[in-house]
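Basically our numbering = 1-based index in the sequence shown + 213. Backbone N, C-alpha and C fix where the C-beta goes; we use that ideal spot for every residue, glycine too.
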Amino acid sequence: MALVYRARPAHGVAWVTGASSGIGRATALELCRRGWTVAITARRRPELEAVAAEGSGPGRIVVCPGDVTDLAQMEGVVAAIEAEHGPVVLAFLNAGTFFRDEVAVFDAAMVEKTFAINVGGVANGLQPLLTRMAERGRGQVAVNASVAGYGGLPTSSAYGATKAALIAMTESLKFAMDLKGVAMQLVCPGFVGTPLTDRNEFPMPFIIPAEDAARRICDGFETGGFEIAFPRRMAWLLKALNHLPYPLYFALVARFTGFRK
Ligand SMILES: NC(=O)c1ccc[n+]([C@@H]2O[C@H](COP(=O)([O-])OP(=O)(O)OC[C@H]3O[C@@H](n4cnc5c(N)ncnc54)[C@H](OP(=O)(O)O)[C@@H]3O)[C@@H](O)[C@H]2O)c1
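Here's what the structure looks like:
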């Protein structure tokens with residue numbers, strides 16, 4: 214299905230959260246190369262300033278630090294971007310984190326923290342954005358989930374649950390936002406080489422560099438379509454596995470991931 218609206222640099226500003234490293238950083242730099250004024254948010258100002266300095270035209274990058282777990286800060290960041298640089302017409306709500314499960318130790322506090330950043334952080338960006346975009350009758354918002362949200366994977370109980378929540382949230386919002394002229398998009402990357410995955414000690418099939426991920430994400434912003442999932446073979450493999458009966462699903466996922474008791 215075609216998007217309701219596709220944002221262009223001439224329409225306003227792009228906003229990327231979690232842009233101090235990894236996928237967010239690479240996407241901000243790619244958007245800048247494609248002519249956007251890009252407002253970037255994360256907690257670490259020096260890292261954001263380094264990204265802004267690295268940005269090469271025809272666009273430009275402006276730094277707007279903030280913590281996505283704080284709704285008042287996100288309201289303030291969006292208000293400041295719009296006052297200083299113009300309306301946000303494209304947003305990539307990407308900030309997120311991963312805490313690996315300890316086998317046989319369930320940590321409720323870790324689940325709460327992961328939800329606060331990955332789901333709460335997106336919700337805190339959506340509130341100021343969707344209100345404004347719905348009033349203007351146009352906007353494009355992409356939420357960074359993960360193929361890990363398609364179904365349960367080993368050692369990812371909190372992370373996978375947050376990403377499944379983001380998939381359901383974005384799907385749900387699409388119905389109402391379509392009526393308001395606001396295009397919702399879902400980004401579902403497989404493994405991407407970033408500081409977040411650098412610490413993984415398990416095999417990461419089909420892993421791609423962050424710059425490659427950023428190009429695919431920005432192509433998806435331009436061409437439209439609800440889901441931007443890549444690499445395709447990883448996304449389709451996991452989608453197919455999730456349609457299998459559970460005994461087969463658990464056996465194959467344990468085998469592919471090398472996860473053993
Ligand atoms: N790498 C992968 O293989 C992969 C695959 C699928 C999905 N993803 C998703 O992609 C997104 C980016 O991950 P990444 O791999 O690029 O990781 P990363 O390099 O660790 O980047 C995470 C970004 O999120 C920001 N962030 C974290 N907590 C924040 C907070 N409370 N407030 C504001 N910003 C915050 C970090 O900035 P500060 O620390 O400066 O705040 C950083 O810029 C995440 O949502 C992740 O789940 C990644």
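P222 versus K393: straight-line alpha-carbon distance, rounded:
21 Å
Discussion item. Quick check on this structure: which residue in L244, A255 and N331 has the alpha carbon closest to the alpha carbon of R312?
Written reply: Looking at the sequence provided, one finds Phe at residue 312 rather than Arg. Looking at the Cα atoms, N331 is the closest of the given residues.
**Message:** Let's test the definition: count the other Cβ atoms within 10 Å of the Cβ of H456 and tell me whether it reaches 16, buried, or not, exposed.
**Reply:** exposed
Quiz prompt | Nonlocal neighbours in the same chain, by C-beta distance under 6 Å from P422, ignoring five residues either side | solution = G406
task: Put V291 into one of helix, strand or coil per three-state DSSP.
output: helix
Note to self: Output needed for G231: all residues of its chain with C-beta closer than 6 Å, excluding positions within five of it in sequence on either side, in chain order.
What the structure shows: G237, A255, N307 and A308
- [ ] Round the Cβ separation of L303 and F434 to the nearest angstrom and send it over; I've been treating them as touching at under 8 Å.
- [x] 6 Å
| task | Kindly indicate which three-state DSSP category T375 falls into: helix, strand or coil? | result | helix
- Nearest neighbour of V281, chosen from G268, V400, R246 and V335 [CA to CA]: V335
Looking at C-alpha atoms only, which residue of P278, R351, T375 and W249 is the closest neighbour of E260? P278
Practice item. Following the continuous alpha helix (DSSP H) through L343, name the residue where it begins and the one where it ends. Key: G334 to R349
Q. Hey, is the region 429–445 in contact with the region 406–417, meaning 3+ C-beta pairs nearer than 8 Å?
A. no
Taking the C-alpha atoms as reference points, what is the distance between A378 and A371? 11 Å
message = Rounded to whole angstroms, what is the Cα-Cα separation between I441 and V356?
response = 10 Å
- prompt: Does at least one heavy atom of ligand 1 sit under 7 Å from the Cβ of P408?
  reply: yes
| query | Any heavy atom of ligand 1 closer than 7 Å to the Cβ of P416? | reply | no
Integer Cβ distance of R247 from V276, believed to fall under 8 Å: Going by Cβ atoms, the distance from R247 to V276 rounds to 19 Å, so no, they are not a contact pair.
Quiz item: From C401 to A241, what does the alpha carbon distance come to, in whole angstroms?
Solution: 17 Å
query: Using a Cβ-Cβ cut-off of 7 Å (strictly less than) and excluding sequence neighbours within five positions of A293, which residues of its own chain qualify?
result: C277
Verify the contact flag: V275, CB atom, against every heavy atom of ligand 3, threshold strictly below 7 Å.
-> Ligand 3 is absent from the structure shown, which contains only ligand 1.
- request: Any chance you could list the alpha helix (DSSP H) runs of at least 4 consecutive residues sitting entirely within the region 427–451, in chain order?
  value: none
Practice task
Kindly give me the distance between the Cβ atoms of A427 and A239, rounded to whole angstroms, as I take these residues to be in contact under 8 Å.
Solution key: 4 Å
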